[in-house]
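Under numbering that gives the first Met the number 0, the residue at position 329 of the first sequence is numbered 328, and the numbers go up by one with no gaps. Contents: one structure, followed by commentary.
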Amino acid sequence: MLTNAPRGTKDILPEEVTAWNFVEEKIRSVCKRYGFQEIRTPHFEHTELFHRGIGEGTDVVDKEMYTFEDRGHRSITLRPENTASVVRAYLQNKLYGTGSATKLFYIGEMFRYDRPQAGRMREFHQFGVESIGQESPMADAEVILLAVDFLESLGLKDLQLSLNSVGCPKCRPMYRKALQDFFRDKLGELCEDCNSRFERSPMRILDCKVDADKPFMKDAPKITDCLCEECQEHFHAVQKYLTEADISFTLDPRLVRGLDYYTRTAFEIKYAPLGAQSAVAGGGRYDGLIEEMGGAPTPAVGFATGLERVLLALTKQGLLPEANAELDAFIIAQDEAASAMAFSLLARLRRAGITASMDFAGRSMKAQFKQANKLNARFALILGEEECKESAVTCKDMQTGDQRKISLEEIVTTICSEVKH
RNA sequence: GCGGCUUUGGUGAAGCGGUUAACACACUGGAUUGUGGCUCCAGCAUGCGUGGGUUCGAUCCCCACAAGUCGCCCCA
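As structure tokens, this is what we get:
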């Protein structure tokens with residue numbers, strides 16, 4: 000118990016940190032190119048924020064939140080996603096005052112109480128983007144482009160982009176009703192799950208694994224046929240811009256997003272080999288959220304990607320960068336007296352910008368050489384009895400095996416000039 | 001929250017109801033007492049996820065729990 004991290008959490012060990020840094024660097028560079036600025040919001044918020052922002056009745060809010068009362072009797076929730084927080088920060092700090100659109104990105108931990116699986120942790124990491132204040136379909140396309148660009152810049156292949164429009168508060172109720180009218184007399188033929196979906200989210204019946212292949216499914220009304228004129232136009236424009244930017248996508252009229260705030264554009268990027276957790280990125284437009292949270296009516300688009308899933312995909316495709324630790328010099332000391340001198344040499348080398356190391360355990364010289372070899376040291380600096388007497392150090396090139404004696408005074412500058420080009 | 005599968009040392013793993021739990025890698029030490037990468041030798045789980053139970057006896061049988069994993073749900 001004591002030596003086990005809580006279920007659904009995971010240590011990111013030194014060997015993995017290289018990969019995480021690699022991904023985070025890509026995020027920062029792609030966001031910079033697209034003009035998105037980083038924002039960091041608190042890891043917990045007032046519970047009410049998520050109730051309002053994400054919506055009561057969603058799975059995330061109803062059964063996946065880490066909610067607790069703090070010592071001041073406030074109801075606090077560990078953020079299960081970051082859009083609500085970013086919008087809150089946008090309103091609180093009046094970021095709309097800047098005049099132009101506000102384009103933000105974040106990287107950070109999110110928390111959801113769910114049954115863990117590979118690619119689904121209780122504490123997990125998301126990179127996401129929010130473009131606030133632009134109604135243009137170009138903003139939708141820009142955000143999608145950024146997501147694709149990011150994933151492709153990592154080297155990922157075989158990703159599938161699905162696109163849909165979920166309409167707006169004007170046309171979506173009409174679609175819901177159309178669906179319910181269509182399914183009402185077929186409830187007997189639908190599975191148990193679908194029967195329970197009928198009232199709550201009839202759109203989900205469309206992508207039911209059990210019923211999806213039933214012959215009548217293909218006759219079900221499509222949302223894209225029920226969109227109002229404005230939504231229709233917007234959706235076509237998004238497709239046009241994507242096509243012109245040479246992004247391939249498939250229209251998926253059954254793609255619905257689970258959070259209440261989505262309007263119009265919805266998209267998802269999948270990497271199929273990840274199985275049940277194949278959704279690597281997902282997002283869309285949420286024109287109603289900012290007003291819902293007390294701001295002026297403001298359109299917005301965004302997406303989030305699950306970094307654990309991105310890392311899994313990278314691992315599957317063998318794209319992880321190797322962590323090759325480089326060591327310029329390893330100091331080898333023969334005895335205790337030499338060891339003391341070695342330590343001060345170590346300090347001088349490091350202060351001069353050299354990557355250096357030595358053994359503190361008083362092991363045999365042979366063992367120290369083995370260690371130098373294992374650490375891939377460029378030079379072994381040997382301090383034996385003889386060298387101590389002469390105030391010198393034997394410098395051995397671990398590749399060639401060549402070695403020569405150099406005075407203690409000159410050794411640091413010698414190594415510096417050898418190591419730096 | 002539901003169902004299936006899995007759980008042996010640092011790692012990959014073999015194993016059987018009954019005396020020393022294979023093997024490999026890694027690690028540590030050694031092969032004429034100042035020199036590595038090859039080779040050779042030696043050491044390295046009183047322990048087989050945790051807790052119960054069955055049995056004369058269980059790592060191997062049963063139950064519970066935990067963790068992991070696959071699928072469902074949901075989502076990133």
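The beta carbon of each residue, even a glycine, is placed where N, CA and C say it ideally should be. In this text the structure is predicted, and so the values were computed from the model without any measurement.
Under the DSSP definition of a beta bridge, which residues are partnered with residue 394? Against the first sequence, residue 394 aligns to sequence position 395. Bridge partners of residue 394: 380 and 403.
#### Entry: For residue 50, three-class secondary structure by DSSP
In the first sequence, residue 50 corresponds to position 51, counting from 1. Helix.
- request: Rank 389, 105 and 358 by C-alpha distance to the C-alpha of residue 376 and give the top, closest one.
  value: Here residue 376 corresponds to residue number 377 of the first sequence, with the count starting at 1. Residue 358 is the option with its Cα nearest to residue 376.
Requested in this report: Look at residue 65 and residue 77 and say whether their C-beta atoms are less than 7 angstroms apart.
Outcome: What you label residue 65 is simply residue 66 of the first sequence in a count that begins at 1. What you label residue 77 is simply residue 78 of the first sequence in a count that begins at 1. In this structure, residue 77 lies closer than 7 angstroms to residue 65 by Cβ.
- prompt: If you pair each beta-carbon of the segment 215 to 235 with each one of the segment 146 to 165, do three or more pairs fall below 8 angstroms?
  reply: yes
Check your understanding: Just reading off the beta strand (DSSP E) that residue 2 is part of, what are its end residues?
Key -> Along the first sequence, read from residue 1 onward, the residue named residue 2 stands at position 3. Looking at the DSSP string, residue 2 is not in any beta strand (DSSP E), and its letter there is neither H nor E.
| message | Less than 7 angstroms between C-beta atoms, sequence neighbours within five positions excluded: which residues of the same chain meet that for residue 129? | response | Along the first sequence, one-based indexing puts residue 129 at 130. Correct list, in chain order: 82, 85, 103, 299 and 301.
Worksheet item: Cβ atoms of residue 288 and residue 260: under 7 angstroms apart, would you say?
Response: As a first step, residue 260 is located in the first sequence; it is residue number 261 there, counting from the start. As a first step, residue 288 is located in the first sequence; it is residue number 289 there, counting from the start. Closer than 7 angstroms, so yes.
Review point. What does a CB cutoff of less than 8 angstroms around residue 370 pick up in its chain, not counting 5 residues either side in sequence?
Key: For this step, residue 370 is matched to residue 371 along the first sequence. Contacts found: 329, 358 and 362.
Spatial neighbours of residue 322 within its chain, please: CB distance less than 7 angstroms, with the 5 preceding and 5 following residues excluded, ordered by chain position. Taking the first sequence and counting its residues from 1, one reaches residue 322 at position 323. So the list reads 14 and 17, once near-sequence residues are dropped.
Assuming residue 75 and residue 45 make a contact with CB atoms under 8 angstroms, what is their CB distance in whole Å?
As a working note, residue 75 is residue 76 in the first sequence. As a working note, residue 45 is residue 46 in the first sequence. About 7 angstroms separates the two Cβ atoms, so the contact holds.
Practice item. Please report how far the alpha carbon of residue 282 lies from the alpha carbon of residue 63, in whole angstroms. Key: Within the first sequence, residue 282 is the residue found at index 283, counting from 1. Within the first sequence, residue 63 is the residue found at index 64, counting from 1. Roughly 19 angstroms between the two C-alpha positions.
Assuming contact is defined by CB atoms lying nearer than 7 angstroms, are residue 394 and residue 351 in contact in what I supplied? For the purposes of this step, residue 394 is identified with residue 395 of the first sequence, where counting begins at 1. For the purposes of this step, residue 351 is identified with residue 352 of the first sequence, where counting begins at 1. Not closer than 7 angstroms, so no.
Discussion item. Excluding the 5 residues flanking residue 134 on each side, which residues of the same chain have their C-beta closer than 8 angstroms to its C-beta?
Written reply: Translated into the one-based positions of the first sequence, residue 134 becomes position 135. Excluding residues within five positions, the ones whose Cβ falls inside 8 angstroms are 286 and 298.
Got a sec, what are the start and stop residues for the alpha helix (DSSP H) residue 175 sits in? As a working note, residue 175 is residue 176 in the first sequence. First-last of the alpha helix (DSSP H) with residue 175: 171 to 182.
By DSSP, does residue 140 sit in helix, in strand, or in coil?
For the purposes of this step, residue 140 is taken as residue 141 along the first sequence, with counting starting at 1. The answer is helix: DSSP assigns residue 140 an H, G or I state.
Answer with buried or exposed for residue 25, where buried requires no fewer than 16 other C-beta atoms within 10 angstroms of its C-beta.
-> Here residue 25 is taken as the residue at index 26 of the first sequence, counted from 1. Answer is buried; the Cβ neighbour count reaches 16.
Review point. By Cβ distance, which residues of its chain are closer than 8 angstroms to residue 170, with the 5 residues on each side in sequence left out?
Key: Here residue 170 refers to the residue found at position 171 of the first sequence. For residue 170, where only same-chain residues beyond five positions count, the Cβ hits under 8 angstroms are 225, 226, 227 and 230.
What residue from 56, 117 and 242 has the CA that sits closest to residue 136's CA?
Within the first sequence, the letter at position 137 stands for residue 136. Closest option to residue 136, Cα to Cα, is 242.
* Under 7 angstroms, do residue 308 and residue 118 count as touching if we go by C-beta distance? -> By one-based count along the first sequence, residue 308 stands at place 309. By one-based count along the first sequence, residue 118 stands at place 119. A contact, by the Cβ cut-off of 7 angstroms.
- At least three beta-carbon pairs within less than 8 angstroms, the segment 26 to 42 to the segment 338 to 348: no
Self-check item: Contact check, residue 410 vs residue 331, beta carbons under 7 angstroms
Solution: Locating residue 410 in the first sequence gives position 411, counting from the first residue. Locating residue 331 in the first sequence gives position 332, counting from the first residue. Result no, Cβ atoms of residue 410 and residue 331 do not sit closer than 7 angstroms.
Buried or exposed: which applies to residue 101, given that a residue is buried once 16 or more other Cβ atoms fall within 10 Å of its Cβ? Counted from its first residue, the first sequence places residue 101 at position 102. Under this definition residue 101 is a buried residue.
Item to check | Short Cβ contact (7 angstroms threshold) for residue 270 with residue 158 | outcome: Here residue 270 refers to the residue found at position 271 of the first sequence. Here residue 158 refers to the residue found at position 159 of the first sequence. Against a cut-off of 7 angstroms, the Cβ pair of residue 158 and residue 270 comes out as a contact.
Q) Does the beta-carbon of residue 125 have 16 or more other beta-carbons within 10 angstroms, so that it is buried, or is it exposed? A) Position 126 of the first sequence holds residue 125. Classification for residue 125: buried.
* Excluding the 5 residues preceding and the 5 following residue 186 in the sequence, name in chain order all residues of the same chain whose CB lies nearer than 7 angstroms to its CB. => Looking up residue 186 in the first sequence gives position 187. Here the set comprises 194 and 197.
For this session: Could you pull out every residue in the same chain whose Cβ sits closer than 7 angstroms to the Cβ of residue 120, ignoring the five residues on either side in sequence?
Result: For the purposes of this step, residue 120 is identified with residue 121 of the first sequence, where counting begins at 1. Excluding positions up to five away in sequence, the list reads 7, 8, 9 and 307.
- With burial defined as no fewer than 16 other Cβ atoms inside 10 Å of the residue's Cβ, what is the status of residue 267: buried or exposed? Numbered from its first residue, the first sequence carries residue 267 at position 268. That one is buried.
_Let's test the definition: count the other Cβ atoms within 10 Å of the Cβ of residue 249 and tell me whether it reaches 16, buried, or not, exposed._
Counting from one through the first sequence, the residue named residue 249 turns up at place 250. The residue is exposed, with fewer than 16 neighbouring Cβ atoms inside 10 Å.
>> Runs of 4 residues minimum, wholly inside the segment 27 to 83: which ones carry the alpha helix (DSSP H) assignment?
In response: 46 to 53 and 58 to 62
Residue from 116, 246 and 156 whose Cα sits closest to the Cα of residue 144
Locating residue 144 in the first sequence gives position 145, where the first residue counts as 1. Residue 144 has its Cα closest to that of 246, out of 116, 246 and 156.
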